[in-house]
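Residue numbers (the numbering used here), protein chains in the order written: chain A, 811 to 1018; chain B, 4 to 224. By construction, the Cβ of each residue, glycine as well, lies at the ideal position given by its N, Cα and C atoms. Note that the structure is predicted; figures quoted are calculated from it, not measured. Read through the structure below, which is laid out as C-alpha cells, and then see the notes.
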Amino acid sequence: MQVMLEKRKSRQSMSSSQREPQEMTAEHLGQLLAEVADTRSRRAFSELFRHFAPRLQSFATRQFGNEQTAMDLVQETMTNVWHKAHLFSPEKGSPTTWIFTIARNIRFDILRKNKHRQNDVSAEDLWPVLSEETSDSDEEFALDTKILMQEIGEYYLQLPDAQRIVVEQIYIEGKSQQEVSDALGIPLGTVKSRTRLALQKLRELISE
Amino acid sequence: MNKIKFHPSEELLVGYASGDLNPALTVVVGTHIDMCPRCRSVAEDIQNHMATRELHQSAPLAEPDLNSMLEHIMASESPIVRSAKVHEQVSLEGKVFKVPRSLGRHVDRLGPWSHMPGGLWRAPLELDADSRMNLIYMQENASLPEHTHRGSEATLVLNGVFNDEHDEYRDGDFIFLDEHKHHSPQTTDEDCLTLAYLDAPLQFTSGLARLLNPFSSLFFR
C-alpha cells in the first residue's frame, strides 16, 4: 500500500500535465489564494500554478492558435495571480472564475493590440478585475472609511504606533493596502490584520 | 421601483462575459447589468459556466518550461494597475443624473453636449476608434424623426421614459434594433436620458427629415 502511494506520488511530480490526484475544490483553491495573499507562500502559488498554467495554456492555444501568444497569456495571467491574490474574494465567485476573468481581460487586450491607440479603452476599464477600485467598493471597507473620516478625530493618536501608521497611510493618505504593504515592506496580511485591529480599537474608543 | 421589461438577449450576455463584444456595446450591456439584478445573475451564471468549460482541459506543458516560468513569475515586479476614477453622475443643462458604475468609469471620456433640433441633446462617448456611442437626452415632448439603421442600434434607458410605435421604455430597459426595424422615439410629459450605441449612421425615412441624411453621420457619430 505504502509503496503504491509512493509510486503514484513520484509519477505525479514527474509529469504535471497528467490528471491530478484529487479534484481541486473551489475551497482548496481559495485557501491557496489566501495563503499567497497573506504570506506570499511560494508553495501555495506553485500548487496553483501547476493546476492553472496547463489549463490556461490549453484555453489560450484554442483562442490564438499560436504557441508564443498562448504562453504570453499564461505568464501574464499567473503573474497577476501571484501579485494580486489579495483582490480575490470568495463572495464574488470561485477561484476558477476569477482567474478566467483575468485571462479573458488579457485576451481582450492582446486581440486589440494591433490596432491599439494610446487613448483606447482597456479591458480593465470595462471589466475591472484587478483595479483597486474593485476592492474599495468592498462594503465593509467603504463603510469604515465614511465612519472614520467623520469620527476618527484624534482617537487614532491613541493607537499603537504600528497600527497608527497603517491607518494614516490608508485613510489619510489614501493608499491601498497593497501600496502600504510595499511602502512599509511588510506582508499584505500584516497590513490587513493591523487595519482590522486598529478599526476595532477605534470603534471601542469612539463608542466609549 | 418599476420593473425592467426589456433585456439584452442571452447571445449578448454571452458576448459580454466572453469579451467578444466591442467596447461600446460592452458598456451598454454592462450598464444594463448594473441596473438589472436578473441579468446580473444570468451573466454570473454564464461566466461561471464559461470559466469551468474553458479551463477544464489541460495542455501538456513541458516540465522545464513550467519551472522556468514559475521562477520567473515569483521573481517579477508587481504589475501596475492604474485605478480608474468612477463618476457617479453626469450633468446637463443644470440637471444631474446618477449613472451606474459601468458607465461612470467612462464619464471622463464624455464629449461636449450639443443641442439638436426637436428638443434633443447628445454627447459623444468615444472608447476607441471603431465603436462609438452617445448619451442622448430628450426633453419633454421631444421626438426623433422616424429612422432606420444601416447597422444595429442598442439603446438603454438610464433615466426617464420614452416611447415609440412599438412600446414604452423606462429606467433599465434595453432595446436592440437591427437594420430592418423602423422606429420613431419620442417623449411626452417626462424627459429621458439614454445611452445609445449605433454601429452605422442613422437613415431617416420620413418626410423632411430625409433631407438630413447626408448629415446624419454628423448627428450620430
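Identify which residue in B:Ser105, B:Ala145, B:His52 has its Cα closest to the Cα of cysteine 195 of chain B.
By one-based count along the second sequence, residue 195 of chain B stands at place 192. Nearest to cysteine 195 of chain B by C-alpha distance, out of B:Ser105, B:Ala145, B:His52, is B:Ala145.
Can you give me the C-alpha to C-alpha distance between alanine 54 of chain B and glycine 122 of chain B, rounded to a whole angstrom?
Translated into the one-based positions of the second sequence, residue 54 of chain B becomes position 51. Translated into the one-based positions of the second sequence, residue 122 of chain B becomes position 119. Between alanine 54 of chain B and glycine 122 of chain B, the C-alpha separation is close to 46 Å.
Closest to leucine 883 of chain A by C-alpha separation, out of A:Gln841, A:Met834, A:Ile916, would be which residue?
Residue numbering aside, residue 883 of chain A sits at position 73 when the first sequence is read from its first letter. Nearest neighbour of leucine 883 of chain A by Cα position, chosen from A:Gln841, A:Met834, A:Ile916, turns out to be A:Ile916.
Mind listing the chain A neighbours of asparagine 162 of chain B? Cutoff is C-beta to C-beta under 8 Å, in chain order.
What you label residue 162 of chain B is simply residue 159 of the second sequence in a count that begins at 1. Those within 8 Å of asparagine 162 of chain B in chain A number zero; the least Cβ separation is about 22 Å.
Please compile the residues from chain A whose C-beta is within a distance smaller than 9 Å of the C-beta of glutamine 60 of chain B.
In the second sequence, counting from the first residue as 1, residue 60 of chain B sits at position 57. Contact of glutamine 60 of chain B with chain A by beta-carbon distance below 9 Å involves Pro864, Arg865, Ser868, Phe869, Arg872.
Are the beta-carbon atoms of serine 868 of chain A and glutamine 60 of chain B separated by less than 7 Å?
Within the first sequence, numbered from 1, the residue matching residue 868 of chain A stands at position 58. Within the second sequence, numbered from 1, the residue matching residue 60 of chain B stands at position 57. The Cβ atoms of serine 868 of chain A and glutamine 60 of chain B lie closer than 7 Å to each other.
CB-CB under 8 Å to aspartate 930 of chain A, same chain, minus the five flanking residues each way: which ones, in chain order?
Here residue 930 of chain A refers to the residue found at position 120 of the first sequence. Around aspartate 930 of chain A: Arg922.
Rounding to the nearest angstrom, what Cα-Cα distance links glutamine 885 of chain A and methionine 72 of chain B in this structure?
For the purposes of this step, residue 885 of chain A is taken as the residue at position 75 of the first sequence. For the purposes of this step, residue 72 of chain B is taken as the residue at position 69 of the second sequence. Rounded to the nearest angstrom, the two C-alpha atoms are 7 Å apart.
Are leucine 967 of chain A and lysine 1011 of chain A touching if we call contact CB-CB under 7 Å?
In the first sequence, the residue the question calls residue 967 of chain A occupies position 157. In the first sequence, the residue the question calls residue 1011 of chain A occupies position 201. No, Cβ-Cβ distance for leucine 967 of chain A and lysine 1011 of chain A is not below 7 Å.
Return the CA-CA distance between isoleucine 982 of chain A and threonine 1000 of chain A, expressed in angstroms with no decimal places.
The residue labelled residue 982 of chain A in the question sits at position 172 within the first sequence. The residue labelled residue 1000 of chain A in the question sits at position 190 within the first sequence. The alpha-carbon atoms of isoleucine 982 of chain A and threonine 1000 of chain A are separated by roughly 19 Å.
Is it a yes or a no for the region 974-988 of chain A touching the region 1001-1008 of chain A, going by three-plus beta-carbon pairs under 8 Å?
Proximity of the region 974-988 of chain A to the region 1001-1008 of chain A meets the contact definition, three or more beta-carbon pairs being nearer than 8 Å.
Asparagine 70 of chain B classed as buried or exposed, judged by whether at least 16 other C-beta atoms fall within 10 angstroms:
As a working note, residue 70 of chain B is residue 67 in the second sequence. With fewer than 16 other Cβ atoms within 10 Å, it is exposed.
What did DSSP end up calling tryptophan 124 of chain B once you bin it into helix, strand or coil?
Translated into the one-based positions of the second sequence, residue 124 of chain B becomes position 121. Strand at tryptophan 124 of chain B.
Methionine 72 of chain B versus chain A: which residues are under 9 Å apart at the beta carbon?
Within the second sequence, residue 72 of chain B is the residue found at index 69, counting from 1. By Cβ distance, chain A contributes Phe859, Ala863, Met881, Val884, Gln885, Met888.
Which residues of chain B have a Cβ atom closer than 7 Å to the Cβ of serine 904 of chain A, listed in chain order?
Position 94 of the first sequence, counted from the start, is the residue given in the question as residue 904 of chain A. Under the 7 Å cutoff, chain B gives Asn51.
In DSSP terms, what glutamate 80 of chain B is bridged to
Within the second sequence, numbered from 1, the residue matching residue 80 of chain B stands at position 77. Note: glutamate 80 of chain B sits in no beta bridge, so no partner.
Output yes if chain A places a C-beta closer than 7 Å to the C-beta of serine 94 of chain B; else output no.
Residue numbering aside, residue 94 of chain B sits at position 91 when the second sequence is read from its first letter. No, because no Cβ of chain A sits closer than 7 Å to the Cβ of serine 94 of chain B.
By the criterion of Cβ-Cβ separation under 7 Å, what are the contact partners of arginine 852 of chain A in chain B?
Position 42 of the first sequence, counting from 1, holds the residue named residue 852 of chain A. Within chain B, Met77 have C-beta atoms less than 7 Å from the C-beta of arginine 852 of chain A, given in sequence order.
In whole angstroms, what is the alpha-carbon distance linking valine 45 of chain B and glycine 22 of chain B?
The count along the second sequence starts at 1 and reaches residue 45 of chain B at position 42. The count along the second sequence starts at 1 and reaches residue 22 of chain B at position 19. Cα to Cα, the separation comes out at about 16 Å.
Taking the straight line between their C-alpha atoms, what separation do you get for asparagine 876 of chain A and glutamate 129 of chain B?
Mapped onto the first sequence, residue 876 of chain A falls at position 66. Mapped onto the second sequence, residue 129 of chain B falls at position 126. If I take the Cα positions, the gap works out to 31 Å.
As assigned by DSSP and simplified to three states, the class of phenylalanine 165 of chain B
On the second sequence, residue 165 of chain B is found 162 positions in, with the first residue counted as 1. In this structure, phenylalanine 165 of chain B counts as strand in the three-state DSSP scheme.
Which residues share a DSSP beta bridge with lysine 8 of chain B?
Here residue 8 of chain B refers to the residue found at position 5 when the second sequence is read from its first residue. Answer is none; lysine 8 of chain B lacks a bridge partner.
Burial state of glutamate 80 of chain B (16 or more Cβ within 10 Å):
Locating residue 80 of chain B in the second sequence gives position 77, where the first residue counts as 1. The C-beta of glutamate 80 of chain B has fewer than 16 other C-beta atoms within 10 Å across all chains shown, which makes the residue exposed.
Using a Cβ cut-off of 8 Å, which residues of the region 24-46 of chain B contact any Cβ in chain A, in chain order?
Cβ contacts with chain A: Pro26, Thr29, Val30, Gly33.
Among B:Pro103, B:Glu91, B:Asp181, B:His90, nearest to leucine 161 of chain B - alpha-carbon criterion:
Along the second sequence, read from residue 1 onward, the residue named residue 161 of chain B stands at position 158. Closest option to leucine 161 of chain B, Cα to Cα, is B:Pro103.
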